[in-house]
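Trainee: Take this structure, written in structure tokens, and hold onto it; I'll ask about it next.
Numbering (our numbering), first residue to last: 34 to 600.
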């Protein structure tokens with residue numbers, strides 16, 4: 034066995050990712066014919082389900098020590114959030130599969146974030162309700178990198194409501210009432226225990242395939258008059274006026290988060306109901322300060338205008354729930370339930386959880402590579418929405434905005450959109466502000482495919498991947514207000530081109546069908562948001578390959594016919 038392979042096998046055994054009873058199987062595989070390097074062994078272990086892709090990647094990078102935390106082996110990355118990372122993990126003692134949330138390394142010595150992390154765990158362990166994701170254990174362990182704080186939770190295979198609305202569009206009135214009613218029941222359990230959640234939003238509500246809802250993330254929960262050490266730490270470090278998510282935060286909580294009460298959570302439930310019914314945030318300001326001011330001074334938009342299929346009662350109810358004055362709102366979740374239950378109907382929510390996790394993992398990888406810090410005032414959502422990947426773990430509130438509820442407003446303005454190309458050549462990067470070619474000559478060389486815009490502009494694809502969006506860091510920068518900063522990604526896998534939605538606000542459509550990820554065929558019509566449309570055209574190599582295929586088929590058919598005629 035080569036030395037590198039022997040080292041890898043030793044690392045696998047030391048990490049504990051594979052039960053000791055299977056260690057002999059690993060050594061046997063490492064000596065098999067065709068296994069001559071680390072990658073070959075790792076691929077074989079993945080194909081035989083002895084390792085996950087995530088574990089193989091960590092081992093490949095030499096991070097085997099990070100695969101074990103206390104009694105838990107990390108199996109998959111579920112997501113990255115404001116405070117840390119969530120994993121699917123296995124208990125080495127009893128084999129239980131759980132969600133394990135680990136405080137981010139950059140917060141190991143941050144008293145405020147450690148306080149918030151402990152507060153979330155203690156709150157989760159203090160209350161028990163079928164509608165709350167169970168917190169099982171708060172732990173701390175030491176590794177070569179120092180202390181590691183972690184929380185063990187039940188693994189709930191659910192899609193976050195912002196993911197659901199972002200991919201499927203607004204919910205029906207009966208389904209939305211049922212989702213909010215379930216959330217209100219779970220929230221009532223917290224309120225009965227004297228707690229206020231303070232961060233109710235679509236990101237923190239998960240729904241499974243059967244339509245069952247669970248509330249997650251107690252990182253901002255407040256014990257009311259029973260001020261605890263962790264709450265004091267949060268207040269001293271972050272201040273009283275910065276805890277919560279501005280898109281769904283009531284005015285009084287923005288003024289002083291320690292004055293939030295039951296009615297504050299009810300306001301946030303109303304704002305979440307608004308999103309479920311319209312696919313939009315209640316107020317669409319782009320900064321936290323503007324959001325807070327809008328919640329304080331502006332009337333919420335009419336949900337019936339945004340979604341004409343809704344009953345007038347929907348607008349009346351949301352108006353009451355989102356009243357500026359707490360005294361004008363329902364004073365308990367029971368009062369809210371009485372209003373919702375006559376209209377509620379449970380609906381199944383079909384989705385592929387493993388595919389959802391892959392999408393969350395891609396988002397998590399971008400968050401990790403992007404770095405940055407987060408605080409209690411961050412507008413980004415926690416990734417722990419099992420989250421988990423969503424885990425959590427998923428992205429910001431901007432992902433909620435869709436135009437599904439207002440098809441009549443989809444006006445095309447392609448000629449107003451000026452694509453700009455970011456190029457990287459000869460080791461230099463810069464923004465080429467020139468317009469795209471007119472189709473007479475390729476820009477940057479002939480590529481395997483092209484994007485043909487309705488105004489005649491042509492963009493030739495000359496490498497294997499392109500980031501598309503409004504931000505300056507994209508390969509293809511499109512100046513359209515309805516596009517997200519990073520809207521979509523074009524990728525070539527060696528055989529065909531794919532387009533994937535990068536958690537955009539207004540979505541990606543291929544031939545009028547909204548997609549998260551889709552292969553492309555020559556002639557496909559792609560729409561980004563509502564204003565940018567172009568056609569995908571296969572390049573010469575793909576066309577030649579297709580032509581050769583059909584030529585081969587035709588030749589085979591001709592030969593077969595000739596043989597039959599001769600016989």
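For each residue, glycine too, the CB sits at the ideal point set by N, CA and C. The model shown is predicted, which means the values in this text are computed figures rather than measured ones.
#1: For the candidate residues 364, 306, 241 and 391, whose alpha-carbon lies nearest to that of residue 293?
#2: Which residue or residues does DSSP assign as beta-bridge partners of residue 530?
#3: Could you tell me the alpha carbon to alpha carbon distance between residue 312 and residue 42, rounded to whole angstroms?
#4: Work out the CA separation of residue 550 and residue 524 for me, nearest whole Å.
#5: Whole angstroms are fine: how far does the CA of residue 522 sit from the CA of residue 235?
#6: Three-state secondary structure (DSSP) at residue 487?
#7: If you follow the alpha helix (DSSP H) that residue 61 is part of, which residue opens it and which one closes it?
#8: Under the rule that 16 or more other beta-carbon atoms within 10 Å means buried, what is residue 81, buried or exposed?
#9: Just the Cα atoms here: how many angstroms apart are residue 421 and residue 180?
#10: Helix, strand or coil: which one does DSSP assign to residue 365?
#11: Which one of 561, 527 and 492 has the shortest CA to CA distance from residue 515?
#12: Could you check if residue 57 is buried or exposed, using at least 16 other CB atoms within 10 Å of its CB as the buried criterion?
#13: When DSSP labels each residue in this structure, what does residue 566 get in the three-state scheme?
#14: Contact between the region 330-339 and the region 237-250 is defined here as three or more beta-carbon pairs at a separation below 8 Å; is this criterion met?
#15: Taking DSSP as the reference, what is the three-state secondary structure of residue 505?
#16: Identify the residues that DSSP records as bridge partners of residue 170: which are they?
#17: Among all the DSSP beta bridges, which residues are the ones paired with residue 118?
#18: Taking only three categories from DSSP, how would you classify residue 124?
#19: Under a Cβ-count criterion, where at least 16 other Cβ atoms within 10 Å of its own Cβ denotes burial, should residue 359 be classed as buried or exposed?
#20: What does the alpha-carbon distance come out to for the pair residue 564 and residue 513?
#21: Is it buried or exposed for residue 196, if we count other Cβ within 10 angstroms and need 16 for buried?
#22: So what's residue 39 in DSSP terms, helix, strand or just coil?
#23: Is the region 122-130 in contact with the region 145-163, if contact means three or more CB pairs nearer than 8 Å?
#24: In this structure, how does DSSP classify residue 68 when only helix, strand and coil are distinguished?
#25: Along the chain, where does the alpha helix (DSSP H) that runs through residue 201 open and close?
#26: Say whether the region 85-96 touches the region 362-376, bearing in mind that this needs 3 or more beta-carbon pairs closer than 8 Å, one atom from each stretch.
#27: Select from 343, 555, 542 and 134 the residue whose C-alpha is nearest the C-alpha of residue 482.
#28: Of all the options 111, 385 and 70, which has the alpha carbon lying nearest to the alpha carbon of residue 40?
#29: Go ahead and label residue 221 buried or exposed: buried means 16 or more other beta carbons lie within 10 angstroms of its beta carbon, across all protein chains shown.
#30: Going by the DSSP bridge assignment, what does residue 498 pair with across the sheet?
#31: Around the Cβ of residue 52, are there at least 16 other Cβ atoms within 10 angstroms (buried) or fewer (exposed)?
#32: Are residue 354 and residue 310 closer than 8 Å when you measure CB to CB?
#33: So who's on the other strand from residue 180, going by DSSP bridges?
#34: How would you label residue 45, buried or exposed, when you count the other beta carbons within 10 angstroms and need 16 or more for buried?
#35: Please state the DSSP three-state secondary structure of residue 681.
#36: When DSSP builds the beta bridges, which residues end up paired with residue 543?
Mentor: The relevant details are as follows:
#1: With distances taken between Cα atoms, residue 293 lies closest to 364.
#2: DSSP lists 525 as partners of residue 530.
#3: Looking at the two C-alpha atoms, the distance is approximately 50 Å.
#4: One C-alpha to the other measures close to 10 Å.
#5: Cα to Cα, the separation comes out at about 25 Å.
#6: Residue 487 falls in the coil class under three-state DSSP.
#7: That run of the alpha helix (DSSP H) goes 56-63.
#8: Exposed, by the Cβ-count rule.
#9: Because residue 421 carries a pLDDT of 28, less than 50, the predicted location of this residue cannot be relied on, and no value is offered for it.
#10: Residue 365: coil per DSSP, three-state reduction.
#11: If we check each option's Cα against that of residue 515, 561 comes out closest.
#12: Its Cβ having fewer than 16 others within 10 Å, residue 57 is exposed.
#13: Of the three classes helix, strand and coil, the one that applies to residue 566 here is strand, per DSSP.
#14: The way I'd put it, the region 330-339 doesn't touch the region 237-250; fewer than three beta-carbon pairs between them come closer than 8 Å.
#15: Looking at residue 505 - three-state DSSP - the assignment turns out to be coil, as it is neither helix nor strand.
#16: In the DSSP assignment, residue 170 forms a beta bridge with 185.
#17: Per the DSSP secondary-structure output, residue 118 pairs in a beta bridge with 113 and 135.
#18: The answer is strand: DSSP assigns residue 124 an E or B state.
#19: With 16 or more Cβ atoms within 10 Å of its Cβ, residue 359 is classed as buried.
#20: CA-to-CA, the gap between residue 564 and residue 513 works out to about 7 Å.
#21: Burial call: buried.
#22: Three-state result, residue 39: helix.
#23: They do not touch, by the three-pair rule.
#24: Reduced to three states, the DSSP call for residue 68 is coil.
#25: Residue 201 -> alpha helix (DSSP H) spans 194-201.
#26: Counting C-beta pairs with one atom in each stretch, the region 85-96 and the region 362-376 have fewer than three that are closer than 8 Å, which means they do not touch.
#27: It is 555.
#28: Checking every option, the nearest Cα to that of residue 40 belongs to 70.
#29: Using a 10 angstroms sphere on the CB of residue 221, the tally of other CB atoms reaches 16 or more, which defines it as buried.
#30: Looking at the DSSP assignment, residue 498 forms a beta bridge with 524.
#31: Exposed, by the Cβ-count rule.
#32: In this structure, residue 354 sits away from residue 310, with a CB-CB distance that is not shorter than 8 Å.
#33: In the DSSP output, where bridge partners are listed per residue, residue 180 has 175.
#34: It counts as buried.
#35: Residue 681 lies beyond the residue range present for the chain, which begins at 34 and ends at 600; the question has no answer from this structure.
#36: Looking at the DSSP assignment, residue 543 forms a beta bridge with 546 and 559.
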